[in-house]
Amino acid sequence: MIEAEQWHEVAKQIRGYTSRHRIKGELKWRYFSPHNQQPENPLRDKTTDERKALSLELATLVAKSPLTVIACVTDIEAAFAYASVSNQRELYHFAYKPLTERFQYFLQDKKSLGIVIADHRGRDDDRLLRAHHDTLIAKAGNTISGYSKLIEGLFLQDSSHSIGIQLADFVAGAIHRAYSTGDGELAGIIKPRLRRKPDGSTLGHGMVHHPRDRFRPELRRN
């Protein structure tokens with residue numbers, strides 16, 4: 001999450017990073033992989049060591065930037081036990097709710113308003129995610145977080161035109177790697193940017209394990 005008055009500062013830092021390293025193209029998590037040689041990868045001419053160094057530098061830049069991270073790690077096995085989750089699209093929607101709830105809580109704490117900007121994924125996926133977003137916003141009740149601090153509908157943007165989405169992709173990739181492989185080096189660097197409780201803990205605030213009551217203990221990470 002980037003506050004409006006901080007956006008230009010963050011964008012300036014990212015543009016400086018890409019300019020210093022002559023990176024002409026989109027920053028995607030998968031492009032830092034030493035095995036990724038896709039034609040559109042602006043890092044395809046970089047060595048394994050160079051890509052590693054670039055990923056560490058970008059993680060450090062994120063850690064020092066005026067932004068806040070909220071991540072939702074979903075236990076896929078537990079998610080598919082729900083009747084509402086039977087495919088990848090429904091899994092995406094399943095994780096979207098707790099993520100946007102924490103965004104609402106963040107905005108409440110800041111006494112501010114916010115909008116959600118998501119990556120364009122395809123016409124049908126976009127249409128259904130917009131509908132899911134609108135349904136969440138319109139509902140009210142004890143089991144549904146009020147979304148009074150979110151304004152407008154869901155904004156969808158191609159990641160190649162959004163620094164925010166590119167940063168979110170990198171952060172999500174680092175956290176996924178920590179949970180899926182146990183390699184938490186980059187996630188550890190980024191961790192200071194996680195939304196925190198007054199006691200400094202992040203679980204349930206900046207780091208959400210979903211579904212909370214069925215998230216398998218062996219999947220948990222520090």
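In the UniProt record's numbering, the protein residues as written are 1 to 222.
In this text, a Cβ means the ideal position worked out from N, Cα and C, and glycines have one as well.
It should be emphasised that the depicted structure is a prediction, and the values quoted were computed from it without experimental measurement.
Of all C-beta pairs linking the segment 163–176 to the segment 27–44, three or more are shorter than 8 Å, placing the two stretches in contact. By the Cβ test, the segment 48–66 is in contact with the segment 7–18, since at least three Cβ pairs between them sit closer than 8 Å. In this model, S33 and S112 are separated by some 38 Å (Cα to Cα). In this structure, A79 places its C-beta atom within 8 Å of the C-beta atom of P211. The three-state secondary structure of F80, taken from DSSP, is coil.
If you look at V73, you'll find it in the beta strand (DSSP E) that goes A71 to T74. The C-alpha of I14 is placed about 16 Å away from the C-alpha of E5.
Distance between E90 and I137, taken at the CA atoms: about 18 Å. Taking the Cα positions, R20 is about 13 Å away from E50. Taking the C-beta atoms as reference points, H120 is found no nearer than 8 Å to L154. Along the segment 127–189, the alpha helix (DSSP H) occurs as fully enclosed runs of 4 or more residues at 163–181, listed in sequence order. Around the CB of S162, 16 or more other CB atoms lie within 10 Å, so the residue is classed as buried.
In the structure shown, G204 adopts coil according to DSSP, grouped into three states. Partner residues in a beta bridge of I2, as assigned by DSSP, do not exist.
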